[in-house]
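Shown next, in C-alpha cells, is the structure this report addresses.
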Amino acid sequence: MSRVVASFAQHGWHKPTETFEGYLDEQRHGARTCYVAEVGDATAGHCTLLWESSYEPFRAAGVPEIADLNVLPPFRNRGVGSALLDTLESTARKRGAVVGLGVGLYADYGAAQRLYVRRGYLPDGRGVVYEYRTVDPGQSIPIDDDATLMMTRVLRD
Numbered sequence: 018m019s020r021v022v023a024s025f026a027q028h029g030w031h032k033p034t035e036t037f038e039g040y041l042d043e044q045r046h047g048a049r050t051c052y053v054a055e056v057g058d059a060t061a062g063h064c065t066l067l068w069e070s071s072y073e074p075f076r077a078a079g080v081p082e083i084a085d086l087n088v089l090p091p092f093r094n095r096g097v098g099s100a101l102l103d104t105l106e107s108t109a110r111k112r113g114a115v116v117g118l119g120v121g122l123y124a125d126y127g128a129a130q131r132l133y134v135r136r137g138y139l140p141d142g143r144g145v146v147y148e149y150r151t152v153d154p155g156q157s158i159p160i161d162d163d164a165t166l167m168m169t170r171v172l173r174d
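When the letters of the sequence shown are read in order and numbered with my numbering, they come out as residues 18 to 174.
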C-alpha cells in the first residue's frame, strides 16, 4: 500500500494511507471492491466499486457506484482508465445490469466527462448533485469535488 501512496505523492496528489486502509477494510467486509492499475513496475492508477452507494437513487435501485477513479498523469491517454473501467464494469455485471458514477463539473474533469460519454454513460436525469444530494434550482453551491453529475450505464454481455 505504501507504494501506491508514494506513487501518488510523487505527482503532488495527497492520498493518505488511511484512505487506502479504509478501502481495504471495506473490501474485506464486502462493501467495496478495489483495483490498482500497474504499468510495468509502476503504479498507474486505482479505482473502487461501492456496492452500496451514498447516493440515494443508486442505493434504492441497487446500482453499484464506481468511485475514486484516478490515473496518474504519465499514464493518461494510454488506456489505463479504460482498462480500470472495463474491470469495474465486468465486476458490477456479476451482480446487476447497471452501474453508476459521479463526475465532477469543472474543467479538471473534462477528460473523464468525455470518456464516460464515449463509454455510454448517461446522466441519471436528476441534475447537479452536491455531496450526494440533488441541488435545487436557484441553490448556490461551491464547484468543487463534491459537485457532480451522476451517470449510469446499462451493462451488456
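Think of the CB as a built atom: it goes at the ideal place given N, C-alpha and C, for glycine as much as any other residue.
Query                                                                                          : Result
Reference residue 108, options 87, 88, 67, closest by Cα                                       : 67
Cβ-based burial, residue 171 [other Cβ within 10 Å; buried from 16]                            : exposed
Simplified DSSP state of residue 86, which is helix, strand or coil                            : strand
Beta-carbon separation (whole angstroms), residue 72 vs residue 149, contact threshold 8 Å     : 5 Å
Proximity to residue 69 [Cα-Cα], best of 153, 49, 91                                           : 49
Residues that residue 146 bridges to, as DSSP identifies them                                  : 151, 165
Residue from 21, 61, 117 whose Cα sits closest to the Cα of residue 80                         : 117
Cβ-based burial, residue 103 [other Cβ within 10 Å; buried from 16]                            : exposed
Same chain, Cβ closer than 7 Å to residue 151, neighbours up to 5 away in sequence not counted : 143, 144
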